[in-house]
Amino acid sequence: MKQGHNMKYAGAVTFALITLGMAGTSALGETQAPPAVVEVARVSEGRGAAVISLPGTVISRQDAQISAEVSGALVWVAEVGDHIAKGEPLAIIDDHLLQLQLRNDWAEIERLKADIEYNQRQLTRLERLAQQNNTSQSGLDEVQSRLQMLLQEQRIAEVDRDRTVYDLGRARVRAPFSGVVVSREADIGEYTRPGDPLLRLVDTESLEISVNAPLRAARFNQPHSRVPVQGGGEQITAEIRAIVPVGDSVSRMMELRLSLEPGHWYIGEAVTVELADSLVATGISVPRDALVLRDNEVFVYTLSADQTAIKVPVITGPGHGSEVAVKGELEPGTLVVVRGAERLRDGQPVKISQRETRAERQAAS
């Protein structure tokens with residue numbers, strides 16, 4: 002009995018030692034995981050940007066008034082608020098007359114084929130007689146000419162048939178892009194003609210912000226830079242997709258378009274956009290490679306005293322060469338990660354590359 006008790010005690014001790022060994026091995030593996038190797042550069046003090054707040058409007062990149070392309074009575078039209086996928090019907094126009102026209106086109110083609118076959122037989126017979134000098138050359142020429150005319154008429158009839166088939170397809174008005182029916186301009190039973198408006202279709206997923214800015218703003222804002230946008234209690238950063246470098250002679254304003262992901266604001270909603278308006282003597286800048294863009298957020302990584310990554314959100318301003326002006330909790334001289342930042346996480350251990358860092362290159366220059 003005592004021997005059994007000793008065996009149980011020995012087994013428990015062995016299990017505990019194995020468990021501790023595995024835990025120690027796991028902990029050792031975690032502590033021995035190599036830190037991420039990064040390159041760094043210093044935050045520099047330079048020319049920042051004065052900011053101007055301008056009103057903007059959320060718009061759709063695809064907003065179309067859909068019109069009829071053939072004549073006929075309107076048989077069906079989509080309802081306001083319907084979500085229509087690209088290629089699906091938006092409206093249907095009565096095509097009964099077009100169906101009759103198609104039957105007529107086919108009948109004309111068949112008639113011409115019969116005439117062509119008859120004249121081909123006539124031509125073959127006259128050519129045999131001409132070899133025996135039993136027919137006049139003028140009679141032979143007349144049949145050849147008639148046959149060529151019939152062949153041309155057949156081609157014209159085939160074109161007419163193809164046009165009717167094309168019109169039949171256009172009697173079913175299809176969506177040129179996916180969107181929502183915003184308004185109906187015609188109702189069922191109305192007679193439509195080519196060009197008559199039927200409805201308005203708007204793509205609610207492909208959005209932009211339109212903002213009119215002073216012409217001087219073109220000098221301090223570049224395409225692909227991100228600027229603050231706020232409205233309805235929400236604030237994000239949006240990328241400048243395009244700057245239209247043509248100003249109005251009266252207002253001296255030009256248009257900028259900012260890319261916008263769906264889900265923030267509705268089409269037609271007013272927002273406020275902050276753009277760089279002029280350069281001022283104060284401000285900080287970082288290398289472009291230090292900026293990390295993720296989930297509509299822009300940030301950089303700095304280093305703590307124990308060599309771990311610290312995420313610092315920033316707002317970007319105008320760029321000058323390889324540097325970009327930023328606003329954030331940064332001080333001149335602070336080290337920021339410029340190589341390897343995309344793979345970092347907040348609080349992750351890092352190791353500065355043994356190669357010449359960008360900060361050292363900056364100091365040397």
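The opening position of the sequence shown corresponds to residue 2 in my numbering, with each subsequent residue numbered one higher.
Built from N, CA and C at the ideal position, the CB exists for glycine as well.
Since residue i contacts residue j with CB under 8 Å, what's their CB separation in whole angstroms?
i	j	result
ALA69	PRO195	6 Å
VAL174	LEU202	Actually they are not in contact, since the Cβ atoms of VAL174 and LEU202 sit about 10 Å apart, beyond 8 Å.
GLN376	LEU113	Nothing about residue 376 can be reported from this structure: the residues present for the chain run from 2 to 366 only.
ALA291	GLN349	That belief does not hold up - the Cβ atoms of ALA291 and GLN349 are roughly 16 Å apart, past 8 Å.
THR335	THR303	6 Å
ASP204	GLY234	In fact, because the Cβ distance is near 26 Å, the residues do not count as touching under 8 Å.
GLU109	ALA158	5 Å
ILE210	ASN297	Not a contact, Cβ separation roughly 13 Å.
SER323	ARG289	6 Å
PRO263	GLU206	5 Å
GLU275	PRO229	4 Å
Per DSSP, which residues does residue i bridge with? Please list them.
i	result
LYS312	TYR302
GLN66	ARG201
SER279	ALA51
GLU240	ARG227
LEU336	ARG43
TYR192	ALA74
ILE210	VAL59 and LEU259
ARG147	Answer is none; ARG147 lacks a bridge partner.
SER184	ARG201
ARG295	GLU298
HIS84	VAL181
ARG173	ILE93
LYS352	VAL38
PRO215	MET254
ILE285	GLU46 and VAL327
VAL272	GLY57
Does the distance from the CB of residue i to the CB of residue j come in under 8 Å?
i	j	result
ALA239	PRO56	no
VAL301	ARG227	no
ALA37	LEU294	no
SER354	GLU40	yes
VAL245	VAL183	no
TRP107	ARG162	yes
GLY88	ALA176	yes
ALA42	VAL339	yes
VAL1	LEU331	Nothing in the structure corresponds to residue 1, since the chain is present only between 2 and 366.
MET254	ASN222	no
LEU141	ALA131	yes
Measure from the alpha carbon of residue i to the alpha carbon of each residue in the options, then state which is nearest.
i	options	result
LYS312	PHE178, GLU332, ASP290 and VAL337	VAL337
GLY269	LEU208, VAL301, GLN138 and SER279	LEU208
ARG258	ARG242, THR335 and GLN308	ARG242
ILE93	ALA291, GLY73, ALA342 and GLU111	GLY73
VAL287	LEU261, VAL212, PRO314 and GLN308	PRO314
VAL247	ALA218, THR125 and GLU128	ALA218
GLU128	ASP116, GLU143 and VAL81	GLU143
GLN149	ARG220, GLN132, TYR119 and ALA172	TYR119
ASP307	LYS352, GLY233 and GLY190	LYS352
ALA51	VAL327, ARG289 and GLN133	VAL327
ILE189	HIS225, HIS84 and LEU91	LEU91
GLY329	ILE316, VAL339, SER323 and SER137	ILE316
TYR267	SER61, TYR192, PRO35 and SER54	SER61
VAL160	PRO215, GLU186, LEU103 and GLN133	LEU103
PRO333	GLY264, THR125 and ILE285	ILE285
HIS84	PHE178, GLU262, VAL325 and ASP249	PHE178
PRO224	GLY318, LEU141 and ASP64	GLY318
THR193	VAL325, GLU324 and VAL71	VAL71
ILE53	ASP347, SER279, VAL325 and SER305	SER279
ARG122	ASN134, GLN145, PRO35 and ARG185	GLN145
GLU191	ASP95, PRO35 and ASP347	ASP95
ARG164	ASP64, SER250 and ASN105	ASN105
SER305	ASP249, ASN134, ASP347 and PRO35	ASP347
HIS265	GLN231, GLN63 and ARG185	GLN231
Hey, is residue i's beta-carbon within less than 8 Å of any beta-carbon in chain D?
i	result
LEU345	Checking the listed chains, one finds no chain D in this structure; it contains a single protein chain.
Report task. Count the C-beta pairs between the stretch 68-86 and the stretch 145-155 that are closer than 8 Å, then say yes if the count reaches three, no if not. Result -> These segments do not touch.
Requested in this report: Pair every Cβ in the stretch 97-105 with every Cβ in the stretch 165-173, then say whether three or more of these pairs are closer than 8 Å.
Outcome: yes
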